[in-house]
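Asker: Okay, handing you the structure first.
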Amino acid sequence: MTSKPRDAATASSPLGLLLIAGAVATVGLLIVAPLASVFVDAFSNGPRAWWEALAHDPDTRHAIWLSLTVAPVAVIVNTVFGVAAAWLVARFRFPGRSLLVSLFDVPFSVSPVVAGLALVLIFGRQGLLGPTLAWLAVKVIFAWPGLVLATTFVTLPLVVRELIPVMEAIGPEEEMAAVSLGANGWQVFWRVTLPNIRWALLHGIVLANARAMGEFGAVYVVSGHIAGATDTMPLRVEKLFQEYRTPASMAVASVLAALALLTLVAKVFIERQLETESKELEAARVPGADTDPSTGGLGK
Amino acid sequence: MSIRVNGVSKSFGTFKALDNVSLDVPQGTLLALLGPSGSGKTTLLRIIAGLEWPDGGRIEEDGEDITDRHARQREVGFVFQHYALFRHMSVFENVAFGMRVRKEPAEKIKSRVDELLHLVRLDGLGGRKPSQLSGGQRQRVALARALAIRPRILLLDEPFGALDAKVRVELRQWLRRLHDEIGMTTVFVTHDQEEAFELADEVVVMNHGRVEQRGKPDEVFDKPATPFVMDFLGNVNVFHGRVENGRAFWHGVPIAYPDYPHAQPRPARVYLRPHELDIARAAPAGAAPAIESEKSLPATVLRQTRTGPITRITCQPLEGGGELNVDLPTAAARELAFLPGERVTITPRSVRVFLPDPEYVI
Amino acid sequence: MNTTSPSSIPNRRARQRTVLPGFGLSAAITSLMIVGLVVIPLAVLILRAASLGPAGFLAAAWTPRARAAYAVSLGASLTAAIISSLLGLLVAWVLVRLEFPGRRILDALVDVPLALPTAVAGLVYSTLYVEKGWLGQWLVPMGIRGAYSRLGIVLVLVFVSLPFAIRVVQPVIESLDKDTEEAARLLGASKSQTFLRVVLPGILPAVVTGFALALARALGEYGSVVFISGNMPFKTEIAPVLIVSRLEEFAYAEATAIAVVLLGMSLSMLIVVNVLQQRLVRNAQ
Chain A
1 MTSKPRDAAT
11 ASSPLGLLLI
21 AGAVATVGLL
31 IVAPLASVFV
41 DAFSNGPRAW
51 WEALAHDPDT
61 RHAIWLSLTV
71 APVAVIVNTV
81 FGVAAAWLVA
91 RFRFPGRSLL
101 VSLFDVPFSV
111 SPVVAGLALV
121 LIFGRQGLLG
131 PTLAWLAVKV
141 IFAWPGLVLA
151 TTFVTLPLVV
161 RELIPVMEAI
171 GPEEEMAAVS
181 LGANGWQVFW
191 RVTLPNIRWA
201 LLHGIVLANA
211 RAMGEFGAVY
221 VVSGHIAGAT
231 DTMPLRVEKL
241 FQEYRTPASM
251 AVASVLAALA
261 LLTLVAKVFI
271 ERQLETESKE
281 LEAARVPGAD
291 TDPSTGGLGK
Chain B
301 MSIRVNGVSK
311 SFGTFKALDN
321 VSLDVPQGTL
331 LALLGPSGSG
341 KTTLLRIIAG
351 LEWPDGGRIE
361 EDGEDITDRH
371 ARQREVGFVF
381 QHYALFRHMS
391 VFENVAFGMR
401 VRKEPAEKIK
411 SRVDELLHLV
421 RLDGLGGRKP
431 SQLSGGQRQR
441 VALARALAIR
451 PRILLLDEPF
461 GALDAKVRVE
471 LRQWLRRLHD
481 EIGMTTVFVT
491 HDQEEAFELA
501 DEVVVMNHGR
511 VEQRGKPDEV
521 FDKPATPFVM
531 DFLGNVNVFH
541 GRVENGRAFW
551 HGVPIAYPDY
561 PHAQPRPARV
571 YLRPHELDIA
581 RAAPAGAAPA
591 IESEKSLPAT
601 VLRQTRTGPI
611 TRITCQPLEG
621 GGELNVDLPT
631 AAARELAFLP
641 GERVTITPRS
651 VRVFLPDPEY
661 VI
Chain C
663 MNTTSPSSIP
673 NRRARQRTVL
683 PGFGLSAAIT
693 SLMIVGLVVI
703 PLAVLILRAA
713 SLGPAGFLAA
723 AWTPRARAAY
733 AVSLGASLTA
743 AIISSLLGLL
753 VAWVLVRLEF
763 PGRRILDALV
773 DVPLALPTAV
783 AGLVYSTLYV
793 EKGWLGQWLV
803 PMGIRGAYSR
813 LGIVLVLVFV
823 SLPFAIRVVQ
833 PVIESLDKDT
843 EEAARLLGAS
853 KSQTFLRVVL
863 PGILPAVVTG
873 FALALARALG
883 EYGSVVFISG
893 NMPFKTEIAP
903 VLIVSRLEEF
913 AYAEATAIAV
923 VLLGMSLSML
933 IVVNVLQQRL
943 VRNAQ
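Chains as they are written, first to last, in this note's numbering: chain A, 1 to 300; chain B, 301 to 662; chain C, 663 to 947.
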C-alpha cells in the first residue's frame, strides 16, 4: 500500500507530530511492549533455563510435537477446501451462492468456545455420534482428531477469503483459453489457475497456520486439557501459568511469539509479491501501450 | 472447414442475446461479424467455439453436428478480446501450451513454436513474459497460440479492439495477408465497420441478436438492406418524409420511388449519405434560377469541419428540419470556399428510402 | 464429456453455464466441509438447546451468574470495540496520510495480534499489569489494576480486536479523493470542518464495519481473557469462560443454553451493525 504520495509536510507540523505520537504510542503500548516483554521474561534466567524449560519437560515436548502435527493437518484440509470453495464461488453462478459465501464467514463470528462445545455435542461421549464412535473404539473428543476438527473450524475462512477476490480479479478468460486449447480440468488447474493464485494461496496458508498454531478456546474445550496427551503449545502455556511456573510458561510463549514474528515477515514478503502481481494484472488490462515504435507494430 | 449455424438462440436471464440466428461460413472465408455492443456477435462467436452453449439450434462443421462437443475437443483456435495470455508463462510456453497438454514430444513442440513465432514475426522473443510485450505483440502471441493446435477454424473476438490506431491498421493488413497464406476459415467480431470492410471477404451485420444483412463489403455498403444497417454504417443524414404515387418527398423535393405506386401517402424515412450529395452556391437574388432545379434543396451553410482529406459542410435547410451534412474532398471545398450563412443548393445523387414496414429499397 | 443423446441435452445445458471444469468436485468438497463442520454442529447446538423446552432453557441460560456473565461480556466487548475503533481510525489515518521514519515497521506491527496466539497475549498482559509487573508497579499504587479486573478484560480485547478496526478503515482512507478535501479547503473550510464534513462521512461506513468485526471478535474471545480476568463469578467472568466451567462440571445443558445465547448475541449484533452500515452507505451517496 504505497501507491499514494504521503504528506511529509503535515507530518512535521505540530498536529502531525501529535497524531504520529498517538499512533506510535497505541501500537507501542498495546502491541510492541507486550511482545518485547515475552522475550525479556522468557530469557530473564538465561538462555540455558529457557532451553531446559522447553526441552527437559516431557509434557512441554509433547505439546510442541502435538502442535506441529495438528496445525499442518488443519492447514492442509483448509487449503483443499479453500481452493475448491474459491473455484466454486468465483467461477460458477448457481442458486444459493451468496448464502454459501456468507456461511464461509460464520466461523469468524462464532466464539471458538461455542464451536468446541458444538463438536463435543456431536462427537463427545454423550454426543450424537458418541455411541457409534465408542462402538468403533474411535476417540475424537479429548484426542487428536478433535483437536484437528476444532482447529480446522476456526481457520476455515482464512484461505478461501484470500482466494475469492484474487480469482475474481483475474477472471476466467485464461482458464477458458486453456480449455479451448485442449487442456483438461487438472491441466487447467495445475498449469494456469494455481500459478496465478499462488501468492494469495500462500498468504492464506500463512495466516491459517498462525491461527492454527495459536488456537486456544476451541481446542481447550475439545482437548480435555490432558498434560502430555492433548495439550497443544497454547494450552501448555496456560497450564504452566496455572501451576505458577511462569518462567516455563514464558519460554513456551516465546516460541509461539517467535513464530508469530516469522509469520509477519513472511506476510510482508508475500504481500509485496501480491502487490506486484496485481499491478501486472492492471497493466495487462490497459490497452497495450505501444510506447516503443520499433517493437510495437510489425517489423518491416 | 465450413461452419453452419442453424437457428441458434441464447438468452442470459431475460436478455435475448441471440434470436434464431442462422449463418453459413464456407471453407476458407474470412468473415466479419459486425454490430454494436449487445448485438450478440461475441455470444455467437463463443457458441461456435464451444465456450457457451446455445439454448436452441445447432452448430455444424462440414455437415457434422458439433453442438454438444466440448470446447476442448472442437479444435478451434480462439483469440480472446484481451488475449487471455497466461501471465506467468513465457511467450514460448504460451504458444506451446496446446501441444504440451496434448503431450506432444518436446522437439516437435520446439520446432513448431519457433515456426509460429517466425510466422507472427516474434522471432527471438520466446523468453519474454506477456507483461514485457506491447499490445500488438501480445495480440500476435495470442494468434500464434491459437494456431499452434492446428485448428480447423480460427475465431477472433475484437482482435484489434485494444490496440492504438497505427498498430491496428498495420496488424489488419498483416492478418489479411496471413489469411491469404494459410487459407483457414476465419470469423472475427468487430464493432468497427472500417475494420470489417477492409479485412473481410464477407460481412454479417448483427443487431439485437439477429442477422440484419450479410454480403460482400461492397454489397452491404451500397445496398444496405435495413434502416439499421444504413444507420450503423454511419455518416448518414436521416429525414422523415413521405411516399405517394411512385415518388418520395424529402423537404418537398420529389425523388422517383416506383416501388410505391399507391395514391395513399405513407410516412417514410429518407437516408442520404454525406458524400453522395452535390452542393453549389445558390444564384444571387434576382439572377436566373438556372442552377436551382426542382430536385435541389435550398439551404444555408452553418459551418465547415475538416477531417484530413475530407471536409464536412453542415447546412440548415431553409424550410427547417434537422441539419444536413455534405462531405467534399478538402481540395474541392477549398475551391468553393463557402462562408457561414451563405445560401447553397443541395442535390442528392443517390437516396435510400425505407418504409416503416415492409421495407423497400431503391 | 460424452456426446449424450439429444433428449437429455436441454436439461444439461440449463445447468451448465460455463465450459470450465470442476463444478461437481468443488461443490462436493465445499458442501462437505460447510455442512459437516459448520451447519451440522451449529444446528446440533441449537437443537440441543431447543430440546430443553422454553422453561428448561430459561432455567439454564438465565441464572443470575449467567446474566452477570453476559453483562460483563457485552460491557467489556462494547467498550473494547469502541476504543479499538477510535484508536484504529487514528493509526490508520497516520499510516495512510503521513510519512515518517518507521512507518512501514509500524504498519507491519499492526498485524501482530492476528499472528500472536491469544494465550500468549493473555499471559503477557497479566504479567505486565500485576503488582510486580513492568507496568503494574507504577499503575497498581495509583489504583489502576490492569490484571484480574474488568479493565484487564477490556485491555486484552482491545489488543485482539485492534487489527480488524485498522485494516478495514485503512484501504478506505487510501481510496479517498484528496482533491475533494483540497476543494473544501479552498472553499474556506477549516481543517476540522473539512475532516468532519468531507472526510468522516466517507470513512464512517468502514469505521462501523471495523467496529462490528472488532465486537464480534471480542464477544467470542476466550484465550487471552482467561489469563487476565481472574474469572470471578459475577465480577470478571465472561460468557465463554462460564461455558467452559459448566462444561467442566459436565453440565452440558447449561453450557449449551449459554452458548446459544452467546451465539445469538454475536449474530444479532452483526445484523444490527449491518443494517446500520447500509443506512450509512445510503446516506453518504
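From the three backbone atoms N, C-alpha and C, an ideal C-beta is built for every residue, glycine too.
These numbers come from a predicted model, not from an experiment.
1) Of the residues B:487, B:496, B:386, B:453, which one's Cα is nearest the Cα of residue 473 of chain B?
2) By the 9 Å beta-carbon criterion, what residues does the segment 424-450 of chain B contribute toward chain A?
3) For residue 720 of chain C, count the other beta carbons within 10 Å of its own beta carbon; 16 or more makes it buried, fewer makes it exposed. Which is it?
4) Report the three-state DSSP secondary structure of residue 588 of chain B (helix, strand or coil).
5) Roughly how many angstroms lie between the CA atoms of residue 481 of chain B and residue 349 of chain B, to the nearest whole one?
6) At a CB distance below 7 Å, what residues from the segment 902-929 of chain C approach chain A? Give them in sequence order.
7) Can you list, in chain order, the stretches of the alpha helix (DSSP H) that have 4 or more residues and sit fully within the segment 902-946 of chain C?
8) Can you give me the Cβ contacts of residue 291 of chain A inside the same chain, cut-off strictly under 7 Å, excluding the 5 residues immediately before and after it?
9) Below 7 Å between beta carbons is the criterion; list the residues of the segment 808-839 of chain C that meet it against any residue of chain B, in chain order.
10) Please classify residue 601 of chain B: is it buried, with 16 or more other beta-carbons within 10 angstroms of its beta-carbon, or exposed?
11) For residue 181 of chain A, decide whether its Cβ has a neighbour in chain B, counting only Cβ atoms nearer than 8 Å.
12) Residue 307 of chain B CB to nearest chain A CB: under 8 Å?
13) For residue 446 of chain B, is the classification buried or exposed, using 16 other Cβ atoms within 10 angstroms of its Cβ as the cut-off for buried?
14) What does residue 648 of chain B pair with, by DSSP beta-bridge criteria?
15) In its own chain, which residues sit with a C-beta less than 6 Å from the C-beta of residue 798 of chain C, not counting the 5 before and 5 after it?
16) Since residue 530 of chain B and residue 571 of chain B should fall inside the 8 Å C-beta cutoff, what is the C-beta to C-beta distance between them, to a whole number of angstroms?
17) For residue 398 of chain B, go through chain F and note every residue whose CB falls closer than 7 Å to its CB, in chain order.
18) So, residue 905 of chain C versus residue 117 of chain A, is the Cβ gap smaller than 8 Å?
19) Is there a C-beta anywhere in chain A that falls below 8 Å from the one on residue 384 of chain B?
20) Would you identify the three-state DSSP class for residue 365 of chain B, choosing helix, strand or coil?
21) For a test of the three-state rule: what should DSSP assign to residue 513 of chain B, helix, strand or coil?
22) What span of residues does the beta strand (DSSP E) with residue 548 of chain B cover, start to end?
23) Residue 303 of chain B lies in the beta strand (DSSP E); which residues open and close that run?
24) So who's on the other strand from residue 320 of chain B, going by DSSP bridges?
25) Roughly how many angstroms separate the alpha carbons of residue 338 of chain B and residue 315 of chain B, rounded to a whole number?
26) Could you pull the start and end residues of the alpha helix (DSSP H) that residue 773 of chain C belongs to?
27) Just to confirm, is the Cβ distance from residue 354 of chain B to residue 532 of chain B under 8 Å?
28) Between the segment 846-859 of chain C and the segment 174-185 of chain A, are three or more C-beta pairs nearer than 8 Å?
29) Would you say residue 113 of chain A touches the ligand HEM, meaning its beta carbon is less than 7 Å from a heavy atom?
30) Please state the DSSP three-state secondary structure of residue 502 of chain B.
31) Any beta carbon from chain C within less than 8 Å of residue 350 of chain B's own beta carbon?
32) Excluding sequence positions up to five away, which residues of its chain have a Cβ less than 8 Å from the Cβ of residue 865 of chain C?
33) Indicate whether residue 828 of chain C and residue 898 of chain C have their beta-carbon atoms separated by less than 8 Å.
34) What does residue 176 of chain A reach in chain C if we use C-beta pairs closer than 9 Å?
35) In angstroms with no decimal places, state the Cα-to-Cα distance between residue 783 of chain C and residue 235 of chain A.
36) Could you tell me the alpha carbon to alpha carbon distance between residue 373 of chain B and residue 453 of chain B, rounded to whole angstroms?
Answerer: Looking at the coordinates:
1) Ranking B:487, B:496, B:386, B:453 by Cα distance to residue 473 of chain B puts B:496 first.
2) In summary, the residues of the segment 424-450 of chain B whose CB is separated from some CB of chain A by less than 9 Å are 425, 429, 430, 431, 433, 434, 435, 436, 437, 438, 439, 440, 442, 445, 446, 448, 449, in the order they occur in the chain.
3) Under this definition residue 720 of chain C is an exposed residue.
4) With a pLDDT of only 48 at residue 588 of chain B, under 50, the local geometry of the prediction cannot be trusted, and the value read off the model is given with reservation. Residue 588 of chain B: coil per DSSP, three-state reduction.
5) Between the C-alpha atoms of residue 481 of chain B and residue 349 of chain B there is a straight-line separation of about 23 Å.
6) Per Cβ criterion, the list reads 902, 905, 906, 909, 914, 917, 918, 921, 924, 925, 928, 929.
7) Runs found: 914-946.
8) With a pLDDT of 38 at residue 291 of chain A, under the threshold of 50, the modelled position of this residue cannot be trusted, and the question is left open.
9) For the segment 808-839 of chain C, no residue has a beta-carbon sitting nearer than 7 Å to a beta-carbon of chain B.
10) Buried, because 16 or more other Cβ atoms sit within 10 Å of the Cβ of residue 601 of chain B.
11) Closer than 8 Å to some Cβ of chain B, the Cβ of residue 181 of chain A qualifies, so yes.
12) Judged by the 8 Å Cβ criterion, residue 307 of chain B is not in contact with chain A.
13) By the neighbour-count rule (16 or more Cβ atoms within 10 Å), residue 446 of chain B is buried.
14) Residue pairing by DSSP places residue 648 of chain B opposite B:577 in a beta bridge.
15) If we look at residue 798 of chain C and ignore the five residues flanking it on each side, its Cβ neighbours are 791, 792.
16) Indeed they touch by this definition, with Cβ atoms about 5 Å apart.
17) Protein chains A, B and C are contained in the structure displayed, whereas chain F is not.
18) For the pair residue 905 of chain C and residue 117 of chain A, the CB atoms are nearer than the 8 Å cut-off.
19) Taking a beta-carbon distance threshold of 8 Å, residue 384 of chain B counts as an interface residue toward chain A.
20) Residue 365 of chain B sits in a strand when the DSSP states are folded into three classes.
21) Strand at residue 513 of chain B.
22) For residue 548 of chain B, the enclosing beta strand (DSSP E) begins and ends at 547-550.
23) Bounds of the beta strand (DSSP E) holding residue 303 of chain B are 303-312.
24) Beta-bridge pairing by DSSP links residue 320 of chain B to no other residue.
25) The straight-line gap from Cα to Cα measures roughly 10 Å.
26) First-last for residue 773 of chain C: undefined, no H or E at that position.
27) No, Cβ-Cβ distance for residue 354 of chain B and residue 532 of chain B is not below 8 Å.
28) Segment contact: the segment 846-859 of chain C against the segment 174-185 of chain A, fewer than three CB-CB distances shorter than 8 Å; contact not assigned.
29) The ligand content of the structure shown is nil, which means the ligand HEM is not present either.
30) The answer is strand: DSSP assigns residue 502 of chain B an E or B state.
31) At least one C-beta of chain C is nearer than 8 Å to the C-beta of residue 350 of chain B.
32) Apart from sequence neighbours up to five positions away, the residues of its chain that approach residue 865 of chain C with a beta-carbon distance below 8 Å are 751, 831, 834, 835, 838, ordered along the chain.
33) In this structure, residue 898 of chain C does not lie closer than 8 Å to residue 828 of chain C by Cβ.
34) The answer, in chain order, is 680, 681, 682.
35) A direct Cα-Cα distance of roughly 13 Å separates residue 783 of chain C from residue 235 of chain A.
36) If you take the alpha carbons of residue 373 of chain B and residue 453 of chain B, they lie about 13 Å apart.
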